[in-house]
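Engineer: Take this structure, written in structure tokens, and hold onto it; I'll ask about it next.
There are 2 protein chains.
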Amino acid sequence: MAVKYVYFFGDGKAEGTGAMRNQLGGKGANLAEMTSIGLPVPAGFTITTEVCNEFYKNDRNYPDGLKEQVAEQLQAMEKLMDKKFGDSEQPLLVSVRSGSRASMPGMMDTVLNLGLNDQTVQGIIKQSGDERFAYDSYRRFIQMYANVVKGLDGELLEDILENMKEDRGVEEDTALSAADLKELVGLFKNKYNEELGEVFPRDPQEQLWGAIGAVFGSWMNQRAITYRRLNSIPSEWGTAVNIQSMVFGNMGDDCATGVAFTRNPSTGENLFFGEFLINAQGEDVVAGIRTPQPINKAGGDGTLPSMEEVMPQSYNELMEIQQKLEKHYRDIQDIEFTIEKGRLFMLQTRNGKRTAKAAVKIAVDMVNEGLITEKEAVLRVAPEQLDQLLHPSLDPNAPKDVIAKGLPASPGAAAGEVVFSADEAEAANKLGLKVILVRVETSPEDIHGMHAAQGILTARGGMTSHAAVVARGMGKCCVSGCGEIKINYKTQQFTDRNGDVHNKGDIITLDGSSGEVMRGTIATVKPELTGDFGILMGWVDGFRRLKVRTNADSPEDAAVARSFGAEGIGLCRTEHMFFDANRIMAVREMILAADLEGRQLALAKIIDMQRADFLGLFREMKGLPVTIRLLDPPLHEFLPHGDKDIADLAQSMGVTVDTLKHKVEFLHEFNPMLGHRGCRLGITFPEVYDMQVRAIMEAACQLVKEEGFDIVPEIMIPLISEVKELEILRANAVAVADEVIAEYAVKVEYLVGTMIELPRAALTADKIAEQAEFFSFGTNDLTQTTYGLSRDDAGKFLPFYVEKEIFPEDPFVAIDQDGVGVLVQMGCEKGRQTRPDIKLGICGEHGGEASSVIFCHKIGLDYVSCSPYRVPIARLAAAHAVLLEELAE
Amino acid sequence: MAVKYVYFFGDGKAEGTGAMRNQLGGKGANLAEMTSIGLPVPAGFTITTEVCNEFYKNDRNYPDGLKEQVAEQLQAMEKLMDKKFGDSEQPLLVSVRSGSRASMPGMMDTVLNLGLNDQTVQGIIKQSGDERFAYDSYRRFIQMYANVVKGLDGELLEDILENMKEDRGVEEDTALSAADLKELVGLFKNKYNEELGEVFPRDPQEQLWGAIGAVFGSWMNQRAITYRRLNSIPSEWGTAVNIQSMVFGNMGDDCATGVAFTRNPSTGENLFFGEFLINAQGEDVVAGIRTPQPINKAGGDGTLPSMEEVMPQSYNELMEIQQKLEKHYRDIQDIEFTIEKGRLFMLQTRNGKRTAKAAVKIAVDMVNEGLITEKEAVLRVAPEQLDQLLHPSLDPNAPKDVIAKGLPASPGAAAGEVVFSADEAEAANKLGLKVILVRVETSPEDIHGMHAAQGILTARGGMTSHAAVVARGMGKCCVSGCGEIKINYKTQQFTDRNGDVHNKGDIITLDGSSGEVMRGTIATVKPELTGDFGILMGWVDGFRRLKVRTNADSPEDAAVARSFGAEGIGLCRTEHMFFDANRIMAVREMILAADLEGRQLALAKIIDMQRADFLGLFREMKGLPVTIRLLDPPLHEFLPHGDKDIADLAQSMGVTVDTLKHKVEFLHEFNPMLGHRGCRLGITFPEVYDMQVRAIMEAACQLVKEEGFDIVPEIMIPLISEVKELEILRANAVAVADEVIAEYAVKVEYLVGTMIELPRAALTADKIAEQAEFFSFGTNDLTQTTYGLSRDDAGKFLPFYVEKEIFPEDPFVAIDQDGVGVLVQMGCEKGRQTRPDIKLGICGEHGGEASSVIFCHKIGLDYVSCSPYRVPIARLAAAHAVLLEELAE
């Protein structure tokens with residue numbers, strides 16, 4: 001038997017199925033599936049991807065038998081549609097489209113109305129009774145064919161059209177008459193001849209094979225080749241070609257076209273929902289020139305008649321179809337349909353895009369309706385989508401006047417009056433005003449103002465700048481590094497990207513999810529964690545294996561995170577406690593002390609505050625695990641930099657300004673990220689870590705002794721590159737901890753572990769594990785060092801890299817599995833090799849990003865830790881990881 | 001048969017051999033070897049390391065039979081020395097020393113004169129006829145025993161001695177009489193009793209076993225355990241104990257002691273060379289209280305009589321011995337001897353330390369003498385030693401007054417008048433003055449002054465600061481990052497670490513190999529590349545497999561490197577060409593241009609200069625391979641920072657100071673090392689790389705076409721982290737290169753490759769190799785990112801880390817084989833996996849460090865590249881790599 005190269009679909013029967021993507025491409029498989037479940041799909045056929053491969057194997061010749069098979073299927077189409085290809089009475093017109101296994105830009109797109117020539121156009125006139133429509137279709141076909149199939153510059157024919165409009169004194173294409181369009185057809189054909197040195201093909205068969213050849217040819221054009229290479233798509237996949245009967249929604253008032261969703265994609269409500277236009281083409285619905293009418297009474301506001309009312313029969317038919325579709329696809333469907341002279345045709349169905357809110361509701365509803373399982377429901381909600389639900393967000397329908405754009409440093413939306421200092425923010429807040437704190441950059445002194453503000457806007461600093469990190473911790477909206485604004489503190493003004501001036505007290509709105517800054521107040525939508533959300537997350541927690549902890553530095557953060565389901569603290573950054581306005585003075589004294597004695601005096605002031613911090617955290621977490629990282633950032637981050645601040649500090653410390661300046665200068669670093677920080681501080685100033693360990697253990701012992709808590713503090717030492725560092729610091733920590741335990745005379749267990757955040761730590765993790773009871777992968781820093789890429793400085797080129805797909809994704813957002821991920825995996829394997837029961841987690845920002853969480857699951861981490869507002873995202877992603885694994889089995 | 005625990009040596013016979021280090025320890029094996037080749041070694045025996053292990057296995061009990069074996073060997077000693085342990089007439093005194101396989105601080109050291117008590121001291125008086133000597137020996141024994149064996153605080157007995165001296169009104173120990181010393185012995189014994197609650201052991205047997213027990217006990221003391229852990233010495237190695245007869249060079253005028261070298265260790269001249277003292281102890285020769293006499297007439301200046309003259313018989317005996325020793329050990333020997341009453345004893349022989357110059361001469365001479373092979377000769381010279389030969393160095397005998405210490409940024413030594421600006425340096429140089437340029441840090445504007453100066457001293461900046469890198473390239477002495485000095489440009493002064501002020505015009509000397517800054521002029525020694533050096537390097541080149549290239553940015557550097565044997569340029573840093581004072585303006589215009597057009601205008605000015613650079617380099621290298629790295633550093637490195645410089649530039653560019661300042665500020669980076677640099681510049685400003693590639697290829701094509709050169713330029717793209725970067729930049733480079741080749745209508749081949757200097761590049765080297773014809777490992781940056789350690793900032797803690805052995809070595813000096821090396825090896829393997837013939841090299845500073853070169857050989861690199869002055873070191877190390885491999889086979 002001859003090889004089957006062509007698959008027919010039409011009249012409720014299809015030779016292919018939805019499962020045959022490899023042979024039929026995505027589009028062909030979809031058309032076959034829709035047809036075979038009984039939908040009225042315009043008949044057609046698909047030429048398989050195999051033909052594409054044969055074509056290239058045989059020096060661009062078609063395999064034997066193809067022409068015959070196409071001819072045969074074309075006849076079947078004609079019969080079914082009761083039209084004839086090339087006929088001047090009842091002409092069959094077709095569309096020709098490419099369709100590969102994966103959607104692929106760079107391929108030939110679409111040729112519509114193929115089959116038109118000077119004879120068949122007469123048939124269209126007769127059928128439609130509309131000469132203008134017929135010639136408009138004809139001239140469009142010539143344009144598409146010339147451009148898409150023959151590669152003629154689109155401008156050449158467009159110019160002729162523009163000239164004619166000028167000549168006739170009209171602005172719109174629609175103002176041209178049937179005669180004009182007929183003339184245009186002639187002019188187009190002449191130009192075609194002139195440019196390509198050949199006559200525009202009259203024979204529909206020649207047109208058809210021209211288009212088919214163009215589809216196959218486009219598989220090997222440069223854009224497609226580049227796209228495949230960049231996306232690792234093998235060229236052996238090939239493309240299919242789809243040929244389908246044209247149907248028209250614009251052939252009269254018994255014609256229409258529309259789009260609809262089987263449920264409301266915005267709210268999730270189970271109500272058929274859509275719009276349609278009478279006597280119109282698909283594009284008209286989208287273009288917004290005419291106002292579409294609602295599909296049913298329930299979906300309209302009564303001003304325009306619905307399809308339910310004006311075309312009741314078609315509406316009923318469509319209702320049945322949409323119910324059938326949802327049952328078949330078991331998900332909300334986004335459908336396109338056309339009614340040609342009273343006959344309903346389905347053009348497209350696909351899973352509908354939906355808001356996070358709708359996604360959750362639909363998933364839960366469908367479980368209740370018995371349509372899907374709980375596991376399927378969980379997989380129906382994209383983890384990243386949840387972010388929408390957890391922060392206030394801009395009303396998507398509100399108009400906005402964007403005046404600048406910075407980095408989306410902390411999600412959410414906020415509006416308020418502009419203020420330029422933390423003190424003003426606090427004062428205004430006490431008066432009940434909502435403010436946005438606008439600073440060149442923020443520093444520890446600004447914390448109270450950040451608390452008081454609705455949102456923070458900075459001109460400088462990246463995604464890990466002080467403003468960004470603190471704001472994310474607070475769950476507060478922040479746009480950072482917005483270089484487009486220029487701030488003048490003196491005049492209390494900033495200018496935006498257009499040069500417009502904004503004064504103190506003017507109102508702006510920030511979108512921390514897009515980085516946009518807008519004029520005035522834009523309405524925001526509050527997060528609503530509905531009952532459906534709770535139900536879904538219950539299922540989620542039943543499926544996942546990974547634990548989800550949070551990064552939290554204060555009892556307040558911890559409380560938010562627990563309300564989002566955090567199962568512990570994976571990273572408490574003690575330095576954020578140091579930044580507190582009440583204690584920064586003591587911290588500075590400690591740093592600037594001339595000797596050990598001076599440092600110890602200052603540390604004695606700090607220890608009571610630190611102990612109180614840990615008491616608060618431990619109480620909030622009620623026995624859940626808490627990992628506390630000892631001091632990490634370079635010391636100069638805590639120092640004042642302005643002349644006045646330095647003078648103040650000098651006075652309060654009783655030293656000269658010069659001495660202080662010299663010290664500040666001495667602490668300056670060229671590359672602080674790679675400088676004197678992390679455990680290197682612990683090695684050179686052991687008394688600082690000793691103080692911190694003492695504070696941690698005193699807090700734990702006190703709670704165990706006096707309040708009956710059950711706590712196992714996890715002491716984490718940052719930035720280890722060599723096991724000997726950890727050996728020394730672990731010994732110091734154990735000495736202090738055991739001393740405290742002896743003082744309190746209680747039994748308290750504790751763990752000492754480390755961050756794996758430098759390539760060398762991952763490479764030597766087997767040795768490091770000898771000294772560590774747990775590893776926490778600090779993938780922020782690990783990404784910075786693995787790529788040699790400072791997150792604070794990458795703003796100048798990283799967006800360009802992502803846009804140009806040099807990096808498939810921002811590696812600070814989704815973990816880079818080929819590089820950073822290899823090190824993480826190596827760290828896990830080597831760690832477990834030495835210490836099989838070592839506790840493994842991740843505390844970089846990746847811990848709250850879905851693809852990264854799935855990666856963490858795959859390589860067998862015990863937990864991920866992320867900022868409080870991302871905890872639900874991580875929980876959901878962790879469940880996806882398990883369910884996707886089950887599906888793959 | 002009972003296990004043999006004790007090995008005897010004496011009278012030309014030894015039970016052990018030099019090969020038995022594992023059982024006898026280093027010292028024991030050495031004593032056995034000396035004895036068995038017939039040297040007159042004081043008789044003794046060694047208790048094996050096995051006993052140490054048994055001791056700890058059996059709860060600190062000695063194995064059966066040990067006591068008997070010791071007793072037996074002691075008798076043999078007595079017989080041989082004709083003395084008796086504990087005898088009051090002819091008492092035998094012994095020394096007890098530990099001796100493990102590896103030399104190990106923390107272990108018990110030495111007890112001398114063991115066997116003395118109130119009876120035996122009488123025998124010594126009789127033997128020596130010197131009561132004072134006898135009691136002095138006795139009191140020293142008590143002191144040593146109390147301190148070393150019993151752990152008594154040395155101060156306690158020393159205080160008694162001091163009190164007595166005060167009481168007697170004398171300053172020196174030697175002024176105490178025999179009676180005083182006798183009294184002291186009594187006082188010491190009382191104090192011993194008082195402190196330790198036991199009587200000082202009278203019985204020599206008890207003394208002996210006390211000392212043996214102390215040696216074994218010291219194996220498990222904390223210092224020894226720590227040392228072993230840090231140096232990976234297994235505790236199972238154990239220690240041996242050596243017991244040896246005492247001999248005295250201070251028992252009269254027929255006694256003497258001395259040290260000698262079989263050749264001159266400073267010049268290498270083949271002449272027996274040494275010093276001795278009559279009636280003296282070994283320490284006296286070293287202590288320098290008495291002036292030693294020369295060992296022979298040839299070695300003296302005639303003022304003091306030589307041993308050859310005053311003790312001709314012993315001298316002749318010693319001559320024979322030293323000849324025998326050299327023949328036996330086949331290397332220059334450093335020997336210690338003692339003559340007791342006319343009888344010569346050899347106490348020690350070991351391979352002699354020698355200067356680089358001597359090492360080369362001795363190695364070549366010994367080949368000529370037929371003593372060693374060429375391969376052995378090559379292995380006799382330590383690669384790092386050669387550095388001494390290649391730079392002027394401080395006269396090691398000159399006194400020096402160190403006023404500050406910074407980083408040893410560029411080796412060599414230089415003296416000159418202090419100047420504080422590049423212009424002054426140049427002016428002074430024109431007047432024929434020698435100057436040292438002293439700056440807080442240097443910048444491109446200072447290059448002419450650096451050329452003019454003898455050496456450069458900076459207060460800020462690390463080993464890769466501008467000053468350091470440029471100075472090394474020039475082969476010029478530099479001390480950088482010398483934070484101990486404070487510079488005041490206004491007053492034209494700097495203060496040193498003592499607070500002393502140095503004015504402009506004062507003379508200082510720099511030692512670029514130690515980082516020391518000294519007051520005044522210290523004599524320096526010029527490098528002399530003798531004929532022997534050439535001969536040795538000829539052998540070296542015959543043995544090595546690794547090629548050695550140089551890092552050179554100018555024809556001058558290249559010429560120096562070729563004279564040192566460089567076989568190509570492995571790294572030409574084009575940015576150093578940008579720093580040139582004549583073109584920095586154009587470079588700045590390029591950087592600060594508002595748009596592409598502006599950049600291209602500025603680039604058009606630069607291209608002629610760059611082409612000339614490459615013409616010069618290619619001509620100098622005469623067809624040897626030249627790897628040119630495209631622009632690498634962040635752009636702001638080229639910008640002016642002072643207000644005046646900015647104002648000047650603004651004027652010359654015709655823009656406002658504010659505009660310029662804003663741009664400079666915009667280019668500021670938090671972590672420039674991880675910022676917008678390397679290939680990221682090439683991606684965002686392709687026109688810069690295009691200009692450079694054009695300049696390279698135009699130079700190459702011109703030389704091929706007009707001067708018949710045979711050149712294959714190697715275009716190197718820096719800082720690749722992802723293959724797509726290289727894919728784009730390679731395509732750009734190929735396009736420009738092919739265009740130039742077509743313009744010149746010549747056939748020129750070229751390679752495009754990349755640096756592997758980021759962990760991610762090493763991790764994904766298989767993919768990167770698809771786009772690279774060569775890899776050059778940039779281990780400077782790779783070390784920085786793998787460790788998360790900025791070389792410029794590490795000064796605050798890295799020295800501490802190295803001192804405390806947290807890092808076994810500075811990883812910027814010797815490649816870290818456990819971390820960075822793993823990535824380099826991975827890069828090689830993955831690179832070759834994709835492209836088996838890929839060219840692999842290294843161009844970090846490690847390329848000139850011996851252990852790193854050996855590592856590069858092991859992992860199969862094709863070449864190393866280093867700064868010109870280290871080329872001979874790399875050549876020698878490369879030969880060592882081959883020869884050490886042969887030895888290991």
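Residue numbers (the working numbering), protein chains in the order written: chain A, 1 to 889; chain B, 1 to 889. Virtual Cβ for every residue (Gly too), placed ideally from N, Cα, C.
#1: With a threshold of 9 Å between beta-carbons, can residue 265 of chain B be considered close to chain A, or not?
#2: Between residue 822 of chain A and chain B, is the shortest Cβ-Cβ distance under 9 Å, so that the two count as touching?
#3: Which value, in whole angstroms, describes the spacing of the CA atoms of residue 569 of chain B and residue 232 of chain A?
#4: At least one CB of chain B closer than 9 Å to the CB of residue 595 of chain A: is that the case?
#5: For a contact meaning CB atoms closer than 9 Å, what does residue 683 of chain A contact in chain B?
#6: When the cut-off is 9 Å and only beta carbons count, does residue 671 of chain A lie next to chain B?
#7: Per DSSP, residue 438 of chain A is paired with what?
#8: What residues in its chain sit with their C-beta under 7 Å from that of residue 319 of chain B, if we drop five residues either side in the sequence?
#9: What is the residue span of the beta strand (DSSP E) that residue 338 of chain A lies within?
#10: Could you give the residue range of the beta strand (DSSP E) that holds residue 840 of chain B?
#11: Would you say residue 784 of chain B faces chain A, with C-beta separation under 9 Å as the test?
#12: Can you give me the Cβ contacts of residue 54 of chain A inside the same chain, cut-off strictly under 6 Å, excluding the 5 residues immediately before and after it?
#13: Are the CB atoms of residue 861 of chain A and residue 840 of chain A within a distance shorter than 9 Å?
#14: State buried or exposed for residue 831 of chain B, treating a residue as buried only when at least 16 other CB atoms are found within 10 Å of its CB.
#15: In whole angstroms, what separates the C-alpha of residue 352 of chain A from that of residue 35 of chain A?
#16: Residue 676 of chain A touches chain B at which residues, Cβ-Cβ below 7 Å?
#17: Pull the bridge partners of residue 501 of chain B from the DSSP assignment, please.
#18: I'd like the list of long-range same chain contacts for residue 599 of chain A, defined as Cβ closer than 7 Å, with 5 residues on each side in sequence excluded.
#19: Against chain B, does residue 764 of chain A count as a neighbour if the rule is that its beta carbon must be under 9 Å from one of theirs?
#20: Given this structure, state the Cα-to-Cα distance separating residue 37 of chain B from residue 82 of chain B, to the nearest angstrom.
#21: When DSSP labels each residue in this structure, what does residue 714 of chain A get in the three-state scheme?
#22: Tell me, please, whether the CB atom of residue 845 of chain A is closer than 9 Å to any CB atom in chain B?
#23: For the alpha helix (DSSP H) that contains residue 759 of chain B, what are its first and last residues?
#24: Does any residue of chain B have a CB that is nearer than 9 Å to the CB of residue 757 of chain A?
#25: Just the Cα atoms here: how many angstroms apart are residue 17 of chain B and residue 347 of chain B?
Structural biologist: In short, the structure shows the following:
#1: Output row for residue 265 of chain B: interface = no.
#2: Taking Cβ atoms only, chain B reaches closer than 9 Å to residue 822 of chain A, which makes this a yes.
#3: 37 Å
#4: no
#5: The CB of residue 683 of chain A comes closer than 9 Å to the CB of 797, 800, 801, 804, 806 in chain B, given here in chain order.
#6: Nearest CB-CB separation between residue 671 of chain A and chain B: below the 9 Å threshold.
#7: A:457
#8: 272
#9: 333-340
#10: 839-842
#11: yes
#12: 63
#13: yes
#14: buried
#15: 19 Å
#16: 793, 796, 797
#17: DSSP, once it has assigned bridges, lists B:495 as partnering residue 501 of chain B.
#18: 590, 593, 685, 687
#19: yes
#20: 22 Å
#21: strand
#22: no
#23: DSSP places residue 759 of chain B inside the alpha helix (DSSP H), whose first and last residues are 759-763.
#24: Yes, because at least one Cβ of chain B sits closer than 9 Å to the Cβ of residue 757 of chain A.
#25: If I take the Cα positions, the gap works out to 16 Å.
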